[in-house]
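**Student:**
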Amino acid sequence: MFSVRPRIDCHTHIVSPAIRDEYFQRAQGFALVMQFPPGLMENPQCIQTVLSDPRLFLCPCVDLHRPIPPQLSELEPHLDEWKVVGLKVYLTYQKGRACDEKMIPIYEFARQHQLAVTFHTGLCSLVLPSENDMEGSQAKYIAQAAQRFPEVNFIIAHMDDPRFMECAALLHRHKNLFTDVSGAYETGTKEGNDVQGAIATFRQALLSQPDLWKQFLYGTDFCPPLNLGQLDEYDETIEKIFPPETFDAIYYQNCLRAFPRLGRWLSL
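Position in the sequence shown counted from 1, then plus 4, gives you my numbering.
(1) Using the three-state DSSP reduction, which class does Ile12 fall into: helix, strand or coil?
(2) Count the C-beta pairs between the segment 70 to 79 and the segment 46 to 57 that are closer than 8 Å, then say yes if the count reaches three, no if not.
(3) Can you grab the Cα-Cα spacing for the pair Gln116 / Val89, in whole Å?
(4) From the DSSP output, in three-state form, read off Ile159 for me.
(5) I'd like to check one pair, Gln257 with Leu272: are the Cβ atoms closer than 8 Å?
(6) Since Leu232 contacts Gly187 with CB under 8 Å, what's their CB separation in whole angstroms?
(7) How would you write the range of the beta strand (DSSP E) that Ala143 sits in, first residue to last?
(8) Would you call the segment 237 to 247 in contact with the segment 26 to 44, where contact means no fewer than 3 C-beta pairs closer than 8 Å?
(9) Which residues does DSSP pair with Thr53 in a beta bridge?
(10) What does a CB cutoff of less than 8 Å around Leu230 pick up in its chain, not counting 5 residues either side in sequence?
(11) By the DSSP assignment, the beta strand (DSSP E) with His124 in it spans what residues?
(12) Give the single residue among Phe61, Asp84, Glu85, Asp165 whose Cα lies nearest to the Cα of Lys92.
(13) CA-CA distance, Cys14 and Glu105?
(14) Suppose contacts are defined by Cβ-Cβ distances below 8 Å. Is Ala150 in contact with His124 by that definition?
(15) Along the beta strand (DSSP E) that carries Leu318, what are the first and last residues, could you check?
(16) Whose C-alpha, out of Gln39, Leu216, Val185, Gly126, is nearest the C-alpha of Thr96?
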């Protein structure tokens, strides 16, 4: 069960009132909502769902199938109204590398508005359509962007599954990189079928470099329609890898550092 501790779930897909209600029946705290591009999953209620609840904050998607600058221009007037704290890019699902020149407007926009950029990396959901560009979603390309834009924080969602050790080494070298293991326990996956084995794998990677707890975020990928209704497994993962004195950072403080615009609404 969830312990009573301030927490920010850095990665959910609470894109409808029904998902919102189920989440907060089972969980406490705040949550960041990752919007889907329409070609991946229709989510017309996403923005209104975020606006309906003071515990929710929005990370709009940047659709790599459409020109990027117009999307940012359309978003800019709504940053405060929609409680925008970051941007979401669906690598693997959509072909591209984080270091591609077409991505530069995203990072310039993020730098201007104190937004974090979250990337899907590695393996995809078992149920969503994907272009399966595993090569393009490698964390090493995100590290190149992080080096070029040191003022921007980049989140390597899913720890570049299954390239966990490589991701850990990059985190150690670039302090504006953060990661999570959100979505790991999706029903039907190897990790979902062997939680203890998955925790052992994550532990090996996350303890391979010093102090990676400072760059690790609590995230669940919560979205029951996509077989992502797991919650307790993420608490167990944190509790079996990291010492208790790091829990406040992992559950709350790290997210505020990773997503600096959250500071407009929440504080340490």
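Built from N, CA and C at the ideal position, the CB exists for glycine as well.
**Tutor:** If we stick to the structure as given:
(1) strand
(2) These segments do not touch.
(3) The C-alpha of Val89 is placed about 12 Å away from the C-alpha of Gln116.
(4) strand
(5) yes
(6) At roughly 6 Å, the Cβ-Cβ gap stays under 8 Å, so Leu232 and Gly187 are in contact.
(7) Per DSSP, Ala143 belongs to no beta strand (DSSP E); it is in the alpha helix (DSSP H), 143 to 152.
(8) no
(9) The partner list for Thr53 (beta bridge, DSSP) is empty, contrary to what the question assumes.
(10) Counting only residues of its own chain and dropping the five nearest sequence neighbours on each side, Leu230 has a CB closer than 8 Å to the CB of His17, Met45, Ser129, Val131, Leu132, Glu190.
(11) 120 to 124
(12) Here the closest residue by C-alpha is Phe61.
(13) 27 Å
(14) no
(15) This structure cannot speak to residue 318, because the chain is shown only from 5 to 272.
(16) Gly126
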